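Worksheet: one structure, shown below.
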């Protein structure tokens with residue numbers, strides 16, 4: 202005999218039964234890769250200049266930066282493909298992570314407000330992010346990489362559901 206509200210043996214808490222997660226746009230891969238490669242490229246260029254004009258030992262730093270860039274190019278697409286959100290009757294679920302997986306469950310009634318934003322590169326690629334704000338400072342429900350129309354639709358939908366619950370908005 203099973204106990205009510207107890208998960209089924211062998212169940213995956215990151216894929217609840219009956220919940221379909223929607224993926225984010227693959228264009229988020231481009232945004233994240235460009236940020237990571239720019240962050241690694243500038244120090245690598247400085248080290249290369251130093252190696253050419255000074256110590257050849259600085260080539261070790263350039264090699265390390267190239268290795269980090271290769272790692273980012275391998276990891277970031279996997280991370281983006283692992284992201285997804287789902288809407289249930291009472292909650293928004295947001296999951297992410299590969300090795301260190303995380304699922305965030307936000308009750309609609311606890312949302313204080315919802316906003317949509319995008320940076321210049323995201324605007325160029327036609328994606329945006331939806332951020333949920335709750336009274337809990339640790340809530341991390343920022344869904345990035347949504348096509349702009351989908352982000353705006355989700356923002357409106359979450360705001361409407363929050364107002365229906367009349368606890369936060």
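Numbering (the numbering used here), first residue to last: 202 to 370.
Positions of the beta carbon are idealized from the N, C-alpha and C atoms, including for glycine.
This one's a predicted model, so the numbers in the text were calculated from it and none came from an experiment.
Item to check | Segment contact, 8 Å Cβ cut-off, at least three pairs: the segment 301-320 with the segment 236-245 | outcome: no
Checklist entry - Closest by CA to residue 230, which one among 253, 328, 245? => result 328
Next on the checklist: Rounded to whole angstroms, what is the Cα-Cα separation between residue 246 and residue 309?
Outcome noted: 47 Å
Checklist entry - Using the beta-carbon count (16 or more within 10 Å), is residue 274 buried or exposed? => result exposed
Next on the checklist: To the nearest angstrom, how far is the alpha carbon of residue 218 from that of residue 361?
Outcome noted: 26 Å
Next on the checklist: Taking only three categories from DSSP, how would you classify residue 213?
Outcome noted: coil
Checklist entry - What does residue 291 pair with, by DSSP beta-bridge criteria? => result Residue 291 is not bridged to any residue.
Next on the checklist: Let me make sure I understand the geometry here. Which of 276, 306, 243, 364 has the alpha-carbon closest to that of residue 263?
Outcome noted: 243
Item to check | Cβ contact check for the segment 347-366 and the segment 310-326: 3 or more pairs under 8 Å | outcome: yes
Checklist entry - With residue 222 and residue 268 assumed to form a contact (beta carbons below 8 Å), what rounded beta-carbon distance in angstroms separates them? => result With a Cβ gap of about 32 Å, residue 222 and residue 268 do not count as contacting.
Next on the checklist: On the DSSP bridge list, what partners appear for residue 316?
Outcome noted: 332
Checklist entry - Between residue 260 and residue 270, what straight-line distance do the alpha-carbon atoms span, to the nearest angstrom? => result 15 Å
Next on the checklist: So if DSSP puts residue 304 in a beta bridge, which residue, or which two residues, is it bridged to?
Outcome noted: 296
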